[in-house]
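S.K.: Handing you this structure, nothing more for now.
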């Protein structure tokens, strides 16, 4: 036995063959589409890999030392790793070239929500501002790029903060 939605049957169609859909059926369909969209959005956003805890050391002055060789996500150019909070600021490291790294403040410059990594960069979940992987503003209400966090590379480690 094949089950069809009731609005597909001939008794729910007008003389031109267009189905009549009740308000309830339309709302159910809209809710279903919204659910599918939310699931798809959740699958398309990938969080930056967190740096292993043994690679990140909190220093007494509030800075963070990251042993670069111990963070697999930073092994190649374009790699990204979150390192947690540095002086209260959610921070990620982006490898921008063979010997250069950039630390980014992950707070959106619009209203301070923490951005999440997407396939093409960063996105603010609150108001939709988007940024490149290196933090440049692409679209949305944010007025500026993601802020840099002071970072200095020394002997295989990156000192952030």
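In the working numbering, the protein residues as written are 9 to 169.
Note that the Cβ used here is the ideal one computed from N, Cα and C, for glycine as well.
(1) Given a cut-off of 8 Å, decide if residue 82 and residue 73 are closer than it, judged by their beta-carbon atoms.
(2) Using the DSSP secondary-structure output, state which residues sit across from residue 101 in a beta bridge.
(3) Residue 133 and residue 145: beta carbons closer than 8 Å?
(4) State the beta-bridge partners of residue 129 as determined by DSSP.
(5) I'd like the list of long-range same chain contacts for residue 75, defined as Cβ closer than 6 Å, with 5 residues on each side in sequence excluded.
(6) Check residue 68 in the structure and name its three-state DSSP category.
(7) Confirm, please, whether the CB-CB distance from residue 99 to residue 114 is below 8 Å.
(8) Please check the pair residue 156 and residue 111, which I expect to be a contact at CB under 8 Å, by giving their CB distance rounded to whole angstroms.
(9) Could you pull out every residue in the same chain whose Cβ sits closer than 7 Å to the Cβ of residue 142, ignoring the five residues on either side in sequence?
(10) Determine the DSSP secondary structure at residue 166, reduced to helix, strand or coil.
M.R.: On the basis of the data shown:
(1) Position 65 of the chain shown, counted from the start, is the residue given in the question as residue 73. Position 74 of the chain shown, counted from the start, is the residue given in the question as residue 82. Their beta carbons are not under 8 Å apart, which means residue 73 does not touch residue 82 by this criterion.
(2) Taking the chain shown and counting its residues from 1, the one referred to as residue 101 is at position 93. DSSP, once it has assigned bridges, lists 89 and 111 as partnering residue 101.
(3) Stepping through the chain shown from its first residue, residue 133 is reached at position 125. Stepping through the chain shown from its first residue, residue 145 is reached at position 137. No; because the gap between Cβ atoms is not below 8 Å, this pair is not in contact.
(4) Within the chain shown, numbered from 1, the residue matching residue 129 stands at position 121. The bridge partners DSSP lists for residue 129 are 126.
(5) Counting from one through the chain shown, the residue named residue 75 turns up at place 67. Excluding positions up to five away in sequence, the list reads 63 and 165.
(6) As a position in the chain shown, residue 68 is number 60, starting the count at 1. Coil at residue 68, not helix or strand.
(7) Position 106 of the chain shown, counted from the start, is the residue given in the question as residue 114. Position 91 of the chain shown, counted from the start, is the residue given in the question as residue 99. Against a cut-off of 8 Å, the Cβ pair of residue 99 and residue 114 comes out as a contact.
(8) The count along the chain shown starts at 1 and reaches residue 156 at position 148. The count along the chain shown starts at 1 and reaches residue 111 at position 103. The beta carbons of residue 156 and residue 111 sit about 7 Å from each other, so the pair counts as a contact at 8 Å.
(9) Against the chain shown, residue 142 aligns to sequence position 134. Only 102, 104 and 110 meet the Cβ criterion.
(10) By 1-based counting over the chain shown, the position of residue 166 is 158. Correct three-state label for residue 166: strand.
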